[in-house]
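Here is the structure we will look at.
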Amino acid sequence: MADKQKRTFSSELGAGKFYPDLPKIGLDTLLGKELLIEEARIVRGFQSQFGERDFCLLKFKDAEGVVGTVICGGSVVVKRIGEALAQKILPLYGTIVKEMGDAGFEYYDIL
């Protein structure tokens, strides 16, 4: 049985990076702020030290006109961004929030 090839950002996204010239903003600083999500990419099945994960890379503009990128691995956000990409309806305004789930665990959502 052949070994599964190790997946990297380069193998999944190509040699080009996701807007390398834009500032990378931490997700926590954007929580609760309305953003215009202009573009997005989803990486599925990325292998990390914590196991296999899906995440999305978002290019956004905030209310002050600052343009940047952010990474989010919240499964609800990834699902909703995936739906927006499939329907080709970006750009959309959204606010990333932390919600409390029924099981008592926090999760990220985009409203």
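First residue of the sequence shown? That's 1 in the UniProt record's numbering, and the numbers climb one at a time after it.
Positions of the beta carbon are idealized from the N, C-alpha and C atoms, including for glycine.
For residue i, which option in the options has the closest C-alpha, if you only look at C-alpha atoms?
i, options, result
"Ile96", "Lys88, Pro20, Lys24, Ile37", "Ile37"
"Val43", "Val77, Pro23, Leu31", "Val77"
"Phe50", "Gly104, Arg80, Gly94, Gly73", "Gly73"
"Lys61", "Lys79, Phe46, Pro20, Leu92", "Leu92"
"Ser75", "Leu90, Cys56, Thr8", "Cys56"
"Lys33", "Gly94, Arg53, Glu39", "Gly94"
"Asp54", "Ala63, Leu22, Thr8", "Thr8"
"Pro20", "Leu27, Glu52, Leu30, Lys59", "Lys59"
"Tyr107", "Asp28, Leu22, Lys24, Leu85", "Asp28"
"Asp109", "Gly45, Lys88, Lys79", "Lys79"
"Leu90", "Phe18, Lys17, Leu22, Leu35", "Leu35"
Answer with buried or exposed for residue i, where buried requires no fewer than 16 other C-beta atoms within 10 angstroms of its C-beta.
i, result
"Thr69", "buried"
"Lys6", "exposed"
"Ile81", "buried"
"Leu111", "exposed"
"Ala40", "buried"
"Leu31", "exposed"
In terms of DSSP beta bridges, what is residue i paired with?
i, result
"Gln49", "Answer is none; Gln49 lacks a bridge partner."
"Lys24", "Thr69"
"Leu58", "Ala40, Val70"
"Leu35", "Asp62, Gly94"
"Tyr108", "Lys98"
State the start and end residues of the unbroken alpha helix (DSSP H) segment that holds residue i.
i, result
"Thr69", "From DSSP, Thr69 is part of no alpha helix (DSSP H) but of the beta strand (DSSP E) over 67-72."
Can you give me the start and stop residues for the beta strand (DSSP E) that residue i sits inside?
i, result
"Leu92", "92-100"
"Ile81", "Premise fails: Ile81 lies in the alpha helix (DSSP H), 75-86, not in any beta strand (DSSP E)."
For the ligand SAM, is there any heavy atom lying closer than 7 angstroms to the beta carbon of residue i?
i, result
"Ser75", "What this structure holds is no ligand at all, so the ligand SAM is not there to describe."
Is it true that the stretch 52-71 meets the stretch 97-104, where meeting means three or more beta-carbon pairs spaced less than 8 angstroms apart? Under the Cβ criterion (8 angstroms, minimum of three pairs), the stretch 52-71 does not count as touching the stretch 97-104.
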